[in-house]
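Chemist: Numbering (the working numbering), first residue to last: 553 to 864.
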Ligand code: NAD
Ligand code: UDP
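1. Quick check: what's the CA-CA separation for residue 756 versus residue 608?
2. Short of 6 angstroms in beta carbon distance, which residues of its chain neighbour residue 785, apart from the five on each side in sequence? Order them along the chain.
3. Leaving out five residues on either side along the sequence, give the residues of the same chain with a beta carbon under 6 angstroms from the beta carbon of residue 858.
4. What I want to know is whether the C-beta of residue 757 ends up closer than 8 angstroms to one or more non-hydrogen atoms of the ligand UDP.
5. Beta carbon of residue 557, beta carbon of residue 639: below 9 angstroms?
6. What is the DSSP secondary structure of residue 649, counted as helix, strand or coil?
7. Smallest Cα separation from residue 620: which of 817, 807, 780 and 683?
8. Would residue 824 and residue 564 qualify as a contact pair, given that the criterion is a beta-carbon distance under 9 angstroms?
9. From what residue to what residue does the beta strand (DSSP E) around residue 583 run?
10. Could you pull the start and end residues of the alpha helix (DSSP H) that residue 666 belongs to?
11. Would you say the beta carbon of residue 787 is closer than 8 angstroms to some non-hydrogen atom of the ligand UDP?
12. Mind checking which residues open and close the beta strand (DSSP E) that includes residue 764?
13. State the beta-bridge partners of residue 593 as determined by DSSP.
14. Mind checking which residues open and close the beta strand (DSSP E) that includes residue 607?
15. Measuring only from the beta carbon, is residue 633 closer than 8 angstroms to any heavy atom that is part of the ligand NAD?
16. Classify residue 689 as helix, strand or coil using the three-state DSSP reduction.
17. Where does residue 688 land, buried or exposed, given buried means 16+ other C-beta within 10 angstroms?
18. Out of 636, 657, 630 and 646, point me to the one whose CA is closest to residue 618's CA.
19. Name the one or two DSSP bridge partners that residue 559 has.
20. What number of angstroms, rounded off, separates the C-alpha of residue 746 from the C-alpha of residue 821?
21. Measuring straight from C-alpha to C-alpha, what distance separates residue 666 and residue 633?
22. Whether or not the stretch 783-798 and the stretch 668-688 are in contact is what I'm after, with contact meaning three or more pairs of Cβ atoms, one per stretch, closer than 8 angstroms; do they touch?
23. Is the closest heavy atom of the ligand UDP to the C-beta of residue 743 under 8 angstroms?
24. Is residue 609 near the ligand NAD, judged by its Cβ being under 8 angstroms from some heavy atom?
25. Leaving out five residues on either side along the sequence, give the residues of the same chain with a beta carbon under 6 angstroms from the beta carbon of residue 593.
26. Going by Cα to Cα distance, which pick from 851, 554, 587 and 717 is closest to residue 576?
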């Protein structure tokens, strides 16, 4: 049994990760300030002898001994949420990251950073390979997140080089699934909720921009394999589904799968919205023997079931 700390453990991805780690018999400390995470997400783990929730903001140092592993997930991930308080987002990404790395240094724990495809910005290389340095606007409305996450990768690498900390960096591509908040603001949950309520489906821009959507279970499997991989493999490694869709195709698919009466409407495209995104997952396949198994149709069915039960 390992003692594992998950920062951001009450969020969408974090709650699935905590559940998986508990099911494998580990002791899990879930650290979260409940900004976008909820107690509801971890309700099913409440009272479990191997689960502990700590209400804590990672901008402040956290003291704990005896940790084997740390997953650093704390950070709002939806553009709506990370732009709500941009300065706080940067502090979480940078100061929070230093605090988690300090914790890893003191305890000797192995630490993983939940980095992002946003590292590549509005990419000019397609699909995106890990060796691509990206095309990021440093002064735009997405920069608090993109540059915060880029700085976090730098910090991870420097702690590794200077202090020999065991690190793992994964670059997560658009992930969806149950426990996203109905008002999360990201595209899959927006469209699914709008479809279930027969409300207009809001495409920003022309809908010709692309994304590649990964179901949550595939991501969790990739995260566990990366954490368990040999210490010499530190990443960064892309974890995403390489099946690429336009946003218009996604809207049409959601309407078809749900049988909704919703109509598609077009709204202004936010600034700096990346035009295309698709991971090259050659490295993950080779090093982790991992690739996604759940395609969009199946994932959307599961999302619809979840939000139906949620009584949207
Ligand atoms: P989420 O918003 O559901 O989860 C983030 C969690 O972090 C929430 O529980 C929130 O309360 C917590 N948090 C935020 N700031 C904090 C702070 N200062 N101290 C403590 N807790 C804090 O988002 P998610 O989709 O679950 O994303 C989790 C991580 O994965 C994030 O770091 C995100 O950048 C990364 N990621 C997600 C995606 C995706 O498609 N979901 C893609 C790339 C990267
Ligand atoms: N998007 C959209 N309608 C929505 C929400 C998002 O058309 O209701 C678009 C958004 O402009 C972007 C894509 O969907 O082009 C993915 O947006 P999301 O916020 O999910 O993630 P990110 O832009 O960070 O990849």
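Glycine residues also receive a C-beta, built at the ideal position from the N, C-alpha and C atoms. What you are looking at is a predicted structure, and each value in this text was computed from that prediction instead of being measured.
Modeler: On the basis of the data shown:
1. 35 angstroms
2. 839
3. Setting aside the 5 residues that flank it on each side, residue 858 is surrounded in the same chain by 730, each with a C-beta closer than 6 angstroms to its C-beta; the list follows chain order.
4. yes
5. no
6. helix
7. That would be 780, whose Cα lies nearest to the Cα of residue 620.
8. no
9. It spans 579-584 - the beta strand (DSSP E) in which residue 583 sits, taken as one unbroken run.
10. In this chain, residue 666 is not harboured by any alpha helix (DSSP H); it is covered by the beta strand (DSSP E) spanning 662-668.
11. Checking the Cβ of residue 787 against the ligand UDP gives no.
12. Counting along the chain, the beta strand (DSSP E) containing residue 764 begins and ends at 762-764.
13. Within the DSSP bridge table, the entry for residue 593 names no partner.
14. Going by DSSP, residue 607 is part of the beta strand (DSSP E) stretching over 603-607.
15. Taking 8 angstroms as the cut-off, the C-beta of residue 633 counts as close to a heavy atom of the ligand NAD.
16. The answer is coil: DSSP assigns residue 689 none of H, G, I, E or B.
17. buried
18. Of the candidates 636, 657, 630 and 646, the one whose C-alpha sits nearest the C-alpha of residue 618 is 657.
19. 583 and 624
20. 18 angstroms
21. 17 angstroms
22. yes
23. yes
24. yes
25. Counting only Cβ-Cβ distances below 6 angstroms, and skipping sequence neighbours, we find 562, 567 and 731.
26. 554
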